[in-house]
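Residue numbers (numbering that gives the first Met the number 0): 0 to 489.
Where is the CB? At the ideal position from N, CA and C, for every residue including glycine.
This structure is a prediction, so every number in the text was calculated from the model and none was measured.
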Amino acid sequence: MAFEKIKRSENYSEWYNNLVKNADLAEHAAVKGCMVIKPYGYAIWEKIQQQLDKMFKQTGHSNAYFPLLIPKSFFEKEEKNAAGFAKECAVVTHYRLKVDENRKIIVDEDAKLEEELIIRPTSEAIIWSTYKGWIQSYRDLPILINQWANVMRWEMRTRLFLRTSEFLWQEGHTAHATSDEAIAETKQMLEVYAEFAETFMGVPVVKGVKTENERFAGAIETYCIEGLMQDGKALQMGTSHFLGQNFAKAFDVKFQTKEGKLEYVWATSWGVSTRLMGALVMAHSDDDGLVLPPKLAPIHVVIVPIYKTDAEREKVETLALEIRKKLEALDLSVKFDNRDTYKPGFKFAEWELKGVPLRMGIGPRDVENGTVELARRDTREKSVIGVEGIDTYVKNLLDEIQEAIYKRAKDFRDSNIHEVNTWDEFVEVLDTKGGFISAHWDGTADVEEKIKGLTKATIRCIPLNNKPESGKCILTGNPSVQRVLFAKAY
RNA sequence: CGGGGUGUAGCGUAGCCCGGUAUCGCGCCAGCAUGGGGUGCUGGAGGUCGCAGGUUCAAAUCCUGCCACUCCGACCA
Numbered sequence: 000m001a002f003e004k005i006k007r008s009e010n011y012s013e014w015y016n017n018l019v020k021n022a023d024l025a026e027h028a029a030v031k032g033c034m035v036i037k038p039y040g041y042a043i044w045e046k047i048q049q050q051l052d053k054m055f056k057q058t059g060h061s062n063a064y065f066p067l068l069i070p071k072s073f074f075e076k077e078e079k080n081a082a083g084f085a086k087e088c089a090v091v092t093h094y095r096l097k098v099d100e101n102r103k104i105i106v107d108e109d110a111k112l113e114e115e116l117i118i119r120p121t122s123e124a125i126i127w128s129t130y131k132g133w134i135q136s137y138r139d140l141p142i143l144i145n146q147w148a149n150v151m152r153w154e155m156r157t158r159l160f161l162r163t164s165e166f167l168w169q170e171g172h173t174a175h176a177t178s179d180e181a182i183a184e185t186k187q188m189l190e191v192y193a194e195f196a197e198t199f200m201g202v203p204v205v206k207g208v209k210t211e212n213e214r215f216a217g218a219i220e221t222y223c224i225e226g227l228m229q230d231g232k233a234l235q236m237g238t239s240h241f242l243g244q245n246f247a248k249a250f251d252v253k254f255q256t257k258e259g260k261l262e263y264v265w266a267t268s269w270g271v272s273t274r275l276m277g278a279l280v281m282a283h284s285d286d287d288g289l290v291l292p293p294k295l296a297p298i299h300v301v302i303v304p305i306y307k308t309d310a311e312r313e314k315v316e317t318l319a320l321e322i323r324k325k326l327e328a329l330d331l332s333v334k335f336d337n338r339d340t341y342k343p344g345f346k347f348a349e350w351e352l353k354g355v356p357l358r359m360g361i362g363p364r365d366v367e368n369g370t371v372e373l374a375r376r377d378t379r380e381k382s383v384i385g386v387e388g389i390d391t392y393v394k395n396l397l398d399e400i401q402e403a404i405y406k407r408a409k410d411f412r413d414s415n416i417h418e419v420n421t422w423d424e425f426v427e428v429l430d431t432k433g434g435f436i437s438a439h440w441d442g443t444a445d446v447e448e449k450i451k452g453l454t455k456a457t458i459r460c461i462p463l464n465n466k467p468e469s470g471k472c473i474l475t476g477n478p479s480v481q482r483v484l485f486a487k488a489y
């Protein structure tokens, strides 16, 4: 487990890559831009999934599954959506291989598909072509469906979890009778995402609306949650789109109203991906490894026994197992690390690397005194606690850690939102401090592009809780009615 | 797509300029000691040197071509 420690302050992206690998979250796969999510990383993803899935179901959604492959003719129906994703689509052109004279496997040219199939970069096309068959009457609405799936986007530049060619996500696709209902759904799911990010991931987010430039291809309006990472760069953590009637029109999905009129269906789609894993790593972790919020940690407490003789070992183990039982009765996940092949110090370092929120050390001394040593991963504080009532103590402490992690991230975020009023200030803050920059913009896509070209900063969103405020665009001096949030982003 | 880097044991590497059958560390296996913050010692196993071709008595090393991955940009719901 010996590995080179890389400091965040020295090389943030190297730190990130190393941490993802060393903490056993994921590694690069044989294919460019693809990753293998390892068991420990996948366990975290499963916690994310379980919680989100619960929240989706609580808001009335059901899971279903649609196919990976989309006929090209379906894909091209919603023009903007197709154009937006065209550059990053993998295409299936043949359905068979064969063995050639050199005993090499080659594509069988005789097995060329009549129509090419697109590997889904997102599923609106295949889903709306299906919904067409499901919707005739207002009685068939709303349709509230989510799917857990993989998608593929052939990105030029990839990064583990943050942007991989193939990634796992969930995509909700809903169909409604009215525009208002669809908009309400879009906003509801944004709230679900925000609550998940803050309460479970411990990552504070800004809820907002995307500008036209940053909007999902095919959407009328894209809502988003934006987080801030420790290096001062923003990360889009989830999006919820109001699709209007764009897809209904593209796929000719109409329903008959109570009054007997034929109308196009209103749509939404919303998604979060394994990118959230990247957010989790970048928001909380330190130079010693991961720091996981208890609510998403696969292991809440790791018990490390300390002993010399077999007799000591037995006593320590008895106490450890007793405590584990108590903790498990409170629904806590406990790892008793009784590997005899590693020394305690090694284990301490390893579990810190993996971000386990609480470590419990139990040695002969503790057995004698009726105590254990508890070490918090987030603050590195250690304390000796009596065994009596340890279960509720630990449970409360985990809640406290969850809070503390969120608070630390929120303090960081809040102190990194800078209001600026001039172009010079904008450039300087961007270069020296990073973070979110709240500034006036004249509302034109053209100016947004120019700013991006000059500084690499993009408008992350127009915050939902924005107060109207008249001012002058930092670049052009044109009048502006509100501030927007700029940042360099992943 | 532009620029850089890498490809040698499970991982990380030295060797390449100057050709002679591969170095070191971690990990792995065995044993003994050790055990409250990454343990020490001893012994051991493990290699088509990315692929193909060429030069040569001899290629990890020189030449040609190819491939892959990665990092930094451009791009990116």
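Sequence-distant residues of the same chain with beta carbon closer than 6 Å to residue i, five excluded per side
i, result
"GLY217", "GLU77, LYS79, ASN80 and ASN245"
"ASP365", "VAL371"
"ASP441", "CYS472, THR475, ASN477 and SER479"
"SER8", "none"
"GLY470", "HIS439 and SER479"
"THR221", "LYS209, ARG214, PHE215, THR238 and HIS240"
Residue i (DSSP reduced to helix, strand or coil)
i, result
"LYS6", "coil"
"GLU387", "coil"
"ASN500", "For the chain, the structure presents residues 0 to 489; residue 500 sits outside this window and is missing."
"GLN481", "coil"
"VAL271", "strand"
"LEU234", "strand"
"ALA110", "helix"
"GLY434", "coil"
"TYR15", "helix"
"ARG412", "helix"
"GLU399", "helix"
"GLY277", "helix"
"TYR263", "strand"
Between the CA atoms of residue j and residue i - distance to the nearest angstrom
i, j, result
"ASP230", "ARG274", "17 Å"
"THR198", "LYS260", "44 Å"
"VAL98", "ILE69", "28 Å"
"SER382", "GLU194", "32 Å"
"THR185", "GLU123", "15 Å"
"GLU180", "GLN57", "17 Å"
"GLN146", "VAL386", "45 Å"
"ASN17", "GLY344", "21 Å"
"SER284", "LYS6", "11 Å"
"VAL483", "ALA403", "29 Å"
"ASP309", "GLY369", "19 Å"
"LYS406", "VAL333", "25 Å"
"LEU116", "GLU418", "48 Å"
"LYS248", "GLU87", "24 Å"
"LEU320", "LEU51", "32 Å"
"PHE435", "PRO292", "24 Å"
"PHE425", "ILE450", "10 Å"
"GLU75", "TRP422", "41 Å"
"ALA328", "PRO356", "18 Å"
"PHE250", "ALA266", "12 Å"
Contact set for residue i: own chain, Cβ-Cβ below 8 Å, skip 5 residues either direction
i, result
"VAL252", "TRP127, TYR130, LYS131, ILE134, ALA174, PHE246, TYR263 and VAL264"
"ILE144", "HIS60, SER61, ASN62, ALA63, ILE126, GLY171, HIS172 and THR173"
"LYS307", "PRO363"
"TYR341", "GLU349"
Close Cβ partners of residue i (< 7 Å) along its chain, the five nearest in sequence each way excluded
i, result
"ILE47", "LEU275 and LEU295"
"VAL204", "ALA193, ALA196, GLU197, ILE224, GLU225, GLY226 and MET236"
"ALA25", "VAL19, MET34, VAL35, ILE36, LYS37, GLY40, LEU159 and PHE160"
"THR92", "LYS111, LEU112 and GLU115"
"TYR15", "VAL280 and MET281"
"ILE416", "GLY434, PHE435 and SER437"
Residue span of the alpha helix (DSSP H) that contains residue i, given as start and end
i, result
"LYS79", "78–84"
"VAL426", "422–431"
"THR454", "444–454"
"PHE74", "71–74"
Limits of the unbroken beta strand (DSSP E) element including residue i
i, result
"GLU372", "370–375"
"ILE104", "104–106"
"MET54", "Where MET54 is concerned, there is no enclosing beta strand (DSSP E), although the alpha helix (DSSP H) it sits in stretches over 38–57."
"THR121", "Here THR121 belongs to no beta strand (DSSP E), and DSSP marks it neither H nor E."
"GLY226", "220–227"
"PHE254", "253–255"
"PRO462", "457–462"
"HIS93", "90–93"
"HIS27", "25–27"
task = Would you list, in sequence order, the uninterrupted alpha helix (DSSP H) runs of no fewer than 4 residues that lie entirely inside the segment 131–217?
result = 178–194
inquiry  = So within the segment 309–353, which uninterrupted beta strand (DSSP E) runs reach at least 3 residues, ignoring any that extend past its ends?
reply    = 333–335
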